[in-house]
Amino acid sequence: MTLPDTISGLLGIDGVVGTVIGAFLGAALIGTIMLANAALAGPWAKRKITAAFTDRIAINKLGPLGLGHILPDAVRLLSKELIVPEGVDRPAWDIAPIIMVFSALLGFAVIPMGSGIHLADPSVGLIFAFAVASIASVSLVMAGYSSNNKYSFLGGLRAVAQNLAYEIPLILTGLSVVLFAGSLQMSEIVAAQQETLALGPIGIPAWFGLVNPFAFVLFLVANVAEVGRNPFDIPEAPTEIVAGFQTEYSSVYFVLLYLGEFVHIFLGGALIATIFLGGPAAPIAALSVVPGFIWFLIKIWGVFLFTQWLRSALPRVRIDQLIEIGWKGMLVLSIANLFLTAVIVGVLPS
Amino acid sequence: MSDWIAIGALAVVAVVIPLSMMFISWLIRPSVPEQGKRATYESGEVPTGSSRQVKFNIQYYMVALLFVIFDIETAFIVPWTVIFDGAVEEVGFAQAFAPMAVFIGLLVVGLAWAWRNGAVEWVRSARAERQRVE
Numbered sequence: 001m002t003l004p005d006t007i008s009g010l011l012g013i014d015g016v017v018g019t020v021i022g023a024f025l026g027a028a029l030i031g032t033i034m035l036a037n038a039a040l041a042g043p044w045a046k047r048k049i050t051a052a053f054t055d056r057i058a059i060n061k062l063g064p065l066g067l068g069h070i071l072p073d074a075v076r077l078l079s080k081e082l083i084v085p086e087g088v089d090r091p092a093w094d095i096a097p098i099i100m101v102f103s104a105l106l107g108f109a110v111i112p113m114g115s116g117i118h119l120a121d122p123s124v125g126l127i128f129a130f131a132v133a134s135i136a137s138v139s140l141v142m143a144g145y146s147s148n149n150k151y152s153f154l155g156g157l158r159a160v161a162q163n164l165a166y167e168i169p170l171i172l173t174g175l176s177v178v179l180f181a182g183s184l185q186m187s188e189i190v191a192a193q194q195e196t197l198a199l200g201p202i203g204i205p206a207w208f209g210l211v212n213p214f215a216f217v218l219f220l221v222a223n224v225a226e227v228g229r230n231p232f233d234i235p236e237a238p239t240e241i242v243a244g245f246q247t248e249y250s251s252v253y254f255v256l257l258y259l260g261e262f263v264h265i266f267l268g269g270a271l272i273a274t275i276f277l278g279g280p281a282a283p284i285a286a287l288s289v290v291p292g293f294i295w296f297l298i299k300i301w302g303v304f305l306f307t308q309w310l311r312s313a314l315p316r317v318r319i320d321q322l323i324e325i326g327w328k329g330m331l332v333l334s335i336a337n338l339f340l341t342a343v344i345v346g347v348l349p350s
Numbered sequence: 001m002s003d004w005i006a007i008g009a010l011a012v013v014a015v016v017i018p019l020s021m022m023f024i025s026w027l028i029r030p031s032v033p034e035q036g037k038r039a040t041y042e043s044g045e046v047p048t049g050s051s052r053q054v055k056f057n058i059q060y061y062m063v064a065l066l067f068v069i070f071d072i073e074t075a076f077i078v079p080w081t082v083i084f085d086g087a088v089e090e091v092g093f094a095q096a097f098a099p100m101a102v103f104i105g106l107l108v109v110g111l112a113w114a115w116r117n118g119a120v121e122w123v124r125s126a127r128a129e130r131q132r133v134e
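Listed below in structure tokens is the structure:
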């Protein structure tokens, strides 16, 4: 039962009208959840985590743990003057930030978040999520080209090269999970991970990340590159090309690009949680009393924490290293992983 | 069908959210035009030349060409992964696995060829290296 059906059932409206109203209310709920997560992550968690890694304090004046800084920060960012640089390609320059947010938010349509929060469950769910997440590349090109700035242009090019290089490993590794699950539908993929594997005396959940840790590591790396985080943050690379594709963006456009990036990190985390970490399932049966939605949040915030950890711990790779890691390393490994998984699924009795 | 209505609804919401943020910002932000404020940012220097005529590395084209091939390959692999488990039960492992192994094997040979010819090696231009100021 998906979220729109639940809502229209609660409201007691039947038929197409009920479906449409339920769909919009459900979509608004998903949008609100992800905006709340991004609001917590961007102005607050990122600073706090980086500060903890580098032994500093960060924001702490307003509210408990400095949480009160989120609201004034949002107002401050939105009330900045919008500076439109000379020679920008106007419609493209304005549309790029919208596409960025659009692509990241739309991916959550097919993610099962547990506790019945699952907006849609089409039979092509996984491919839909990959396809929608890739639209972000278009916005990076638009932002890079239309800004009429050399740094932006180079940043846009780098972003495309990076997304192209890591898209194939990402999808091939995701598909190795489909070999196990036998379906692209998100609910089926989650359901396929609900069994318990017996490892001698202890039982571990049959999450694909534990069944096939090789694929899990490949997917984690490809995902970090796909969302453009350290050590693969060369599209922005502050020490080389100022801020890459977002150099000329200010005010609300900057907020939208920033927001889109954070929602994109969470989308990557949600994909990892869904196809490798059992979706909203609890790790052991005894903890099932905690609602699935809480487990889902813990998992996506775990991935966010991981990206921030990488940010503090690893230096940035160079553009030539990035191309070589992607095409020579990740692609070959992901093809090997696909073959290996197919042999395991085909030969071992299930 | 109701799945795609829900996805369409989220698509609308995902456009309305950025648009409403732009509207709120438009209501509360100042506009103080000053001379030079709109100049292209080039680390404080006066901008030189057009940014759309920057010469950049040929590599960006080569990896894009490679990507087209492998992206189509991926599109063919998707349906195979979905039916693989059932096909193994129906026609046996060898018949389900071998055709795709040949298909991907051909592409791997192609990748090896591209690799040998330096398509995934970062191109260094001798002229650009000479011009570099350390």
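Note that the protein sequences, when read in sequence, are chains A and B.
Under full-length UniProt numbering, the first residue of the first sequence is numbered 1, with each subsequent residue one higher.
Under full-length UniProt numbering, the first residue of the second sequence is numbered 1, with each subsequent residue one higher.
Built from N, CA and C at the ideal position, the CB exists for glycine as well.
Q: In the DSSP assignment, find the alpha helix (DSSP H) that holds E264/A and state where it starts and stops.
A: Looking up residue 264/A in the first sequence gives position 264. Glu is not the amino acid found at residue 264/A; the sequence shown has His there. Element bounds for H264/A: S251 to F276.
Q.
My assumption, with CB atoms under 8 Å, is that V345/A sits in contact with F180/A. Please give the rounded CB distance.
A. Walking along the first sequence from the start, residue 345/A turns up at place 345. Walking along the first sequence from the start, residue 180/A turns up at place 180. V345/A to F180/A, Cβ: 6 Å. Contact.
**Q.** Three-state secondary structure assigned by DSSP to I202/A
**A.** Within the first sequence, the letter at position 202 stands for residue 202/A. The answer is strand: DSSP assigns I202/A an E or B state.
Q) So, is S20/B buried or exposed, given that buried needs 16 or more other C-beta atoms within 10 angstroms? A) Working through the second sequence from its first residue, we reach residue 20/B at position 20. Under this definition S20/B is an exposed residue.
Q | Element boundaries [alpha helix (DSSP H), containing M330/A] | A | Residue 330/A sits at position 330 when you count from the first residue of the first sequence. M330/A -> no alpha helix (DSSP H), and no H or E assigned at all.
Q: Return the residue from the list I77/B, R29/B, V120/B and V13/B that minimises the CA-CA distance to A27/A.
A: By 1-based counting over the first sequence, the position of residue 27/A is 27. Selected option, being the one with the closest Cα: V13/B.
Q: Specify whether the segment 46-56 of chain B and the segment 139-149 of chain A touch according to this definition: at least 3 beta carbon pairs, one from each stretch, less than 8 Å apart.
A: yes
Q. Beta-carbon of F76/B versus every beta-carbon of chain A: anything under 7 Å?
A. Taking the second sequence and counting its residues from 1, one reaches residue 76/B at position 76. Output row for F76/B: interface = no.
Q: Please go through the same chain and pick out, in chain order, the residues whose beta-carbon is closer than 6 Å to the beta-carbon of G326/A, but skip the five residues on each side of it.
A: Sequence index remark: in the first sequence, residue 326/A carries index 326 (1-based). These residues qualify, in order along the chain: A165 and Y166.
Q) Just checking, does the segment 179-195 of chain A make contact with the segment 88-103 of chain B on the three C-beta pairs under 8 Å criterion? A) no
Q: Excluding the 5 residues preceding and the 5 following W93/A in the sequence, name in chain order all residues of the same chain whose CB lies nearer than 6 Å to its CB.
A: Position 93 of the first sequence, counted from the first residue, corresponds to residue 93/A. Correct list, in chain order: S146.
Q.
Taking 7 Å as the threshold (C-beta atoms), are W207/A and G292/A in contact?
A. Translated into positions along the first sequence, residue 292/A becomes position 292. Translated into positions along the first sequence, residue 207/A becomes position 207. Not a contact, by the Cβ cut-off of 7 Å.
Q | Distance between I21/A and E121/B (C-alpha atoms, nearest Å) | A | On the second sequence, residue 121/B is found 121 positions in, with the first residue counted as 1. On the first sequence, residue 21/A is found 21 positions in, with the first residue counted as 1. For E121/B and I21/A, the distance between alpha carbons rounds to 53 Å.
Q. At a Cβ threshold of 7 Å, is G156/A touching chain B?
A. Here residue 156/A corresponds to residue number 156 of the first sequence, with the count starting at 1. By this cut-off, G156/A is not an interface position.
Q: Would you mind telling me which residues of chain A sit closer than 9 Å to I28/B, beta carbon to beta carbon, in chain order?
A: Mapped onto the second sequence, residue 28/B falls at position 28. Going along chain A in sequence order, the residues near I28/B (Cβ under 9 Å) are V75, L78 and S79.
Q | Members of the segment 31-63 of chain A near chain B, C-beta cut-off 8 Å | A | G31 and L35
**Q.** Neighbourhood of G209/A by C-beta, 7 Å cutoff - its chain only, sequence neighbours within 5 removed
**A.** Reading the first sequence from its first residue, position 209 is the one you call residue 209/A. For G209/A, where only same-chain residues beyond five positions count, the Cβ hits under 7 Å are F216, F276 and L277.
Q) Which whole-angstrom value describes the C-beta separation of T247/A and N149/A, a residue pair presumed to lie in contact below a C-beta threshold of 8 Å? A) Position 247 of the first sequence holds residue 247/A. Position 149 of the first sequence holds residue 149/A. At roughly 5 Å, the Cβ-Cβ gap stays under 8 Å, so T247/A and N149/A are in contact.
(Q) Strictly under 7 Å for the Cβ-Cβ distance: is A161/A near chain B by that measure? (A) Taking the first sequence and counting its residues from 1, one reaches residue 161/A at position 161. Yes, because at least one Cβ of chain B sits closer than 7 Å to the Cβ of A161/A.
**Q.** chain B residues whose Cβ lies nearer than 9 Å to that of A27/A
**A.** Looking up residue 27/A in the first sequence gives position 27. In chain order: A6, I7, G8, A9, L10, A11, V12, V13 and A14.
Q: Could you tell me whether the Cβ of F103/B comes closer than 7 Å to any Cβ of chain A?
A: Translated into positions along the second sequence, residue 103/B becomes position 103. Judged by the 7 Å Cβ criterion, F103/B is not in contact with chain A.
Q: Please go through the same chain and pick out, in chain order, the residues whose beta-carbon is closer than 6 Å to the beta-carbon of F128/A, but skip the five residues on each side of it.
A: Here residue 128/A corresponds to residue number 128 of the first sequence, with the count starting at 1. Closer than 6 Å at Cβ, skipping near neighbours: V110.
Q) So, helix, strand or coil for L197/A, using DSSP? A) Counting from 1 along the first sequence, the entry for residue 197/A is found at position 197. Three-state DSSP puts L197/A in a strand.
Q.
Within 10 Å of its beta-carbon, does L117/B have 16 or more other beta-carbons around it, so buried, or fewer, so exposed?
A. Along the second sequence, one-based indexing puts residue 117/B at 117. One detail in the question is off: residue 117/B reads as Asn in this sequence, not Leu. That one is exposed.
**Q.** Candidates S103/A, N212/A and A96/A, of which the one nearest V227/A by Cα
**A.** Taking the first sequence and counting its residues from 1, the one referred to as residue 227/A is at position 227. That would be S103/A, whose Cα lies nearest to the Cα of V227/A.
Q. If you draw a straight line from the alpha carbon of A237/A to that of T54/A, how long is it in whole angstroms?
A. What you label residue 237/A is simply residue 237 of the first sequence in a count that begins at 1. What you label residue 54/A is simply residue 54 of the first sequence in a count that begins at 1. Spanning the two alpha carbons is a distance of roughly 20 Å.
Q) So, is the C-beta of Q175/A closer than 7 Å to a C-beta in chain B? A) Position 175 of the first sequence, counting from 1, holds the residue named residue 175/A. What sits at residue 175/A in the sequence shown is Leu, not Gln. Chain B, which has a Cβ nearer than 7 Å to the Cβ of L175/A, makes this yes.
Q: For the segment 56-125 of chain B, list the alpha helix (DSSP H) runs that are entirely contained and at least 4 residues long, ordered along the chain.
A: 59-91 and 93-116
Q.
Buried or exposed, going by whether 16 or more other CB atoms sit within 10 Å of the CB of F84/B?
A. Along the second sequence, one-based indexing puts residue 84/B at 84. Buried is the call here.
Q) With C-beta atoms as the reference, is M34/A less than 7 Å away from V263/A? A) As a working mapping, residue 34/A is identified with position 34 in the first sequence. As a working mapping, residue 263/A is identified with position 263 in the first sequence. Closer than 7 Å, so yes.
Q.
Can you list, in chain order, the residues of its chain with a C-beta nearer than 7 Å to that of residue 137/B? Leave out the 5 residues immediately preceding and following it.
A. This structure gives no information on residue 137/B, because the portion of chain B shown stretches from 1 to 134.
Q. With 7 Å set as the bound, which would you pick, yes or no: does the beta-carbon of A342/A sit closer than that to a beta-carbon of chain B?
A. Looking up residue 342/A in the first sequence gives position 342. True, the Cβ-Cβ gap to chain B drops below 7 Å.
(Q) Give me the chain B residues within the contact set of T247/A, using Cβ-Cβ distance strictly less than 7 Å, ordered along the chain. (A) For the purposes of this step, residue 247/A is identified with residue 247 of the first sequence, where counting begins at 1. Per Cβ cutoff of 7 Å: Y41.
**Q.** Under 7 Å between C-beta atoms of L140/A and A159/A
**A.** Here residue 140/A refers to the residue found at position 140 when the first sequence is read from its first residue. Here residue 159/A refers to the residue found at position 159 when the first sequence is read from its first residue. Yes, Cβ-Cβ distance for L140/A and A159/A is below 7 Å.
Q) So, using beta-carbon positions, are P169/A and S334/A closer together than 7 Å? A) By 1-based counting over the first sequence, the position of residue 169/A is 169. By 1-based counting over the first sequence, the position of residue 334/A is 334. For P169/A and S334/A, yes; Cβs fall inside 7 Å.
Q.
Can you find the residues in the same chain that come closer than 7 Å, C-beta to C-beta, to V32/B, ignoring five residues on each side of it along the sequence?
A. Position 32 of the second sequence holds residue 32/B. Once the five neighbours on either side are set aside, V32/B has no close Cβ partner at all.
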